[in-house]
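Notes for the one structure printed next.
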Amino acid sequence: MKKACVIGWPIEHSRSPLIHNYWLKKHGIDATYEKQAIEPENAAQFIAALAVSEFVGCNVTIPHKETAFQAVAETDKIAGRLGAVNTVYVRNGKACGTNTDGEGFIASLHHAYPAFGLKNKAAIIIGAGGAAKAIIGALIDAGVARIGIINRTRARILDLQAQFGSQIIEINETAANDALAACDLLVNTTSLGMEGGTEIALDIQHLKRNALVADIIYVPLETALLAKAKQLGHPVLGGLGMLLHQAVRGFELWFGVKPEVTEELHDLVAADVQKASKQ
Ligand code: ATR
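Sequential numbering of the sequence shown, starting at -7, is according to this note's numbering.
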């Protein structure tokens, strides 16, 4: 029987087993997907040994994505650009690494708003960490013209400019309102807005009419940023869709079937998130 897993530290709250076991059942595949709590000092060894283990692959979550990038035998272009791996699969006896975070975001966007085009659009990303980089790379590949970055630490914006070039624009506080007025897509990639944490301070009153506002946070399912955007009449996109869509390629690589992100799966995971946040 095939086995796959998700590794992280801590790992208790991962929803990946819920997603992959739903698809395994749906497709009648005799396999299991489980959580593996792997301590940081053991992550490199676990991944390097995956090719000779009982697992056909794994998902990698915080804090092991960079370690996984180092530990696999081969990486593709997307993982190389990010220096981070979230999906490992075994091919020809080797552990190979890719990253599906960026495509997960784009697929979620297209799924929710099929008519929303990205070509030549202007985006603003809040944050400049790993998740921001994955989404920036995917937006550039999708033809977005300009990407403004708002981030607490300026040096990380400059790093993004060095990597992605002149399409990346630094947005400081004084330029924020003008940038928002010209923006088609605003995405929060920071942890600001997570349940029990600090909210984003950004005022979106001046955001262009009809601009889409997205958050990668899914606990809560609707962040204060999204609630505010909705109230102002903007289309909004929560983070749960990205979580579901980033899982698609891993499942296909391990089990040979491209699974679908159904309404039923969405509701199943949403209910689990809601149940946990009530505790
Ligand atoms: P991830 O891989 O999830 O993107 P990360 O690489 O640690 O995580 O990036 C976290 C992002 O959230 C960064 O942009 C970080 O800002 P800094 O670059 O200034 O660290 C942002 N972030 C996290 N906590 C924040 C806070 N309290 N205020 C402002 N920004 C914060």
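Just so it is clear, CB atoms sit at the ideal spot from N, CA and C, and this is done for glycine as well.
Note that the structure is a prediction, hence the values are computed from the model and not measured.
Can you tell which of GLY20, PRO55 and ILE161 has the C-alpha that lies nearest to the C-alpha of GLU33?
As a working note, residue 33 is residue 41 in the sequence shown. Considering only alpha carbons, the answer is PRO55.
Whether or not the stretch 52 to 72 and the stretch 193 to 205 are in contact is what I'm after, with contact meaning three or more pairs of Cβ atoms, one per stretch, closer than 8 Å; do they touch?
no
Where the beta strand (DSSP E) through ASN13 begins and ends:
What you label residue 13 is simply residue 21 of the sequence shown in a count that begins at 1. Counting along the chain, ASN13 falls outside any beta strand (DSSP E), though it belongs to the alpha helix (DSSP H) covering 8 to 18.
Using CA atoms only, rank isn't needed, just tell me which of GLY135, ALA134 and ILE163 is closest to ARG148.
For the purposes of this step, residue 148 is identified with residue 156 of the sequence shown, where counting begins at 1. If we check each option's Cα against that of ARG148, ILE163 comes out closest.
For the beta strand (DSSP E) that contains LEU131, what are its first and last residues?
As a working note, residue 131 is residue 139 in the sequence shown. Where LEU131 is concerned, there is no enclosing beta strand (DSSP E), although the alpha helix (DSSP H) it sits in stretches over 122 to 133.
Kindly indicate the opening and closing residues of the alpha helix (DSSP H) around ARG73.
Residue 73 sits at position 81 when you count from the first residue of the sequence shown. Unbroken alpha helix (DSSP H) run through ARG73: 69 to 74.
Using the three-state DSSP reduction, which class does GLN62 fall into: helix, strand or coil?
Taking the sequence shown and counting its residues from 1, the one referred to as residue 62 is at position 70. If DSSP states are grouped into helix, strand and coil, GLN62 belongs with the helices.
What residues in its chain sit with their C-beta under 6 Å from that of GLY96, if we drop five residues either side in the sequence?
For this step, residue 96 is matched to residue 104 along the sequence shown. MET234, HIS237 and GLN238, listed in sequence order.
Give me the residue from ALA114, ILE142 and ASN143 with the minimum Cα distance to GLY135.
For the purposes of this step, residue 135 is taken as residue 143 along the sequence shown, with counting starting at 1. GLY135 has its Cα closest to that of ALA114, out of ALA114, ILE142 and ASN143.
Rounded distance between the beta-carbons of ILE70 and PHE247, thought under 8 Å
Residue numbering aside, residue 247 sits at position 255 when the sequence shown is read from its first letter. Residue numbering aside, residue 70 sits at position 78 when the sequence shown is read from its first letter. In fact, because the Cβ distance is near 21 Å, the residues do not count as touching under 8 Å.
Ignore the nearest five residues each way along the sequence and tell me which others in ALA174's own chain have a CB closer than 8 Å to its CB.
Position 182 of the sequence shown, counted from the start, is the residue given in the question as residue 174. Counting only Cβ-Cβ distances below 8 Å, and skipping sequence neighbours, we find ALA114 and LYS200.
Identify the continuous alpha helix (DSSP H) that holds ASN51 and give its terminal residues.
As a working mapping, residue 51 is identified with position 59 in the sequence shown. Premise fails: ASN51 lies in the beta strand (DSSP E), 47 to 52, not in any alpha helix (DSSP H).
The stretch 12 to 30 in contact with the stretch 79 to 96 per 3-pair CB rule at 8 Å
no
If you count every other CB in all the chains shown that lies within 10 Å of the CB of ASP68, and 16 or more means buried, which is it?
Taking the sequence shown and counting its residues from 1, the one referred to as residue 68 is at position 76. Looking at its Cβ environment, which holds fewer than 16 other Cβ atoms inside 10 Å, ASP68 is exposed.
Start and end of the alpha helix (DSSP H) containing LYS222?
For the purposes of this step, residue 222 is taken as the residue at position 230 of the sequence shown. First-last of the alpha helix (DSSP H) with LYS222: 216 to 223.
Below 7 Å between beta carbons: does that hold for GLY94 and ALA130?
As a first step, residue 94 is located in the sequence shown; it is residue number 102 there, counting from the start. As a first step, residue 130 is located in the sequence shown; it is residue number 138 there, counting from the start. Going by C-beta atoms, GLY94 is nearer than 7 Å to ALA130.
Excluding sequence positions up to five away, which residues of its chain have a Cβ less than 7 Å from the Cβ of GLU214?
Numbered from its first residue, the sequence shown carries residue 214 at position 222. Within the same chain, GLU214 has close Cβ partners GLY230.
Cβ separation of ILE161 and ILE139, assumed to be a contact under 8 Å, to the nearest whole Å:
By 1-based counting over the sequence shown, the position of residue 161 is 169. By 1-based counting over the sequence shown, the position of residue 139 is 147. Yes, ILE161 and ILE139 are in contact; Cβ-Cβ is about 7 Å, under 8 Å.
Among LEU232, VAL211 and LEU204, which has the Cα closest to the Cα of LYS220?
As a first step, residue 220 is located in the sequence shown; it is residue number 228 there, counting from the start. For LYS220, the nearest C-alpha among the options comes from LEU204.
Would you mind giving the Cβ-Cβ distance between ILE132 and GLN159, rounded to the nearest angstrom? I have them listed as a contact below 8 Å.
Within the sequence shown, numbered from 1, the residue matching residue 132 stands at position 140. Within the sequence shown, numbered from 1, the residue matching residue 159 stands at position 167. Yes, they are in contact, since the Cβ atoms of ILE132 and GLN159 sit about 6 Å apart, within 8 Å.
Using three-state DSSP, classify GLY0 as helix, strand or coil.
Within the sequence shown, numbered from 1, the residue matching residue 0 stands at position 8. In this structure, GLY0 counts as strand in the three-state DSSP scheme.
Under 6 Å Cβ to Cβ from LYS111, same chain only, skipping five residues before and after it: list those, please.
Along the sequence shown, read from residue 1 onward, the residue named residue 111 stands at position 119. Excluding residues within five positions, the ones whose Cβ falls inside 6 Å are GLY135.
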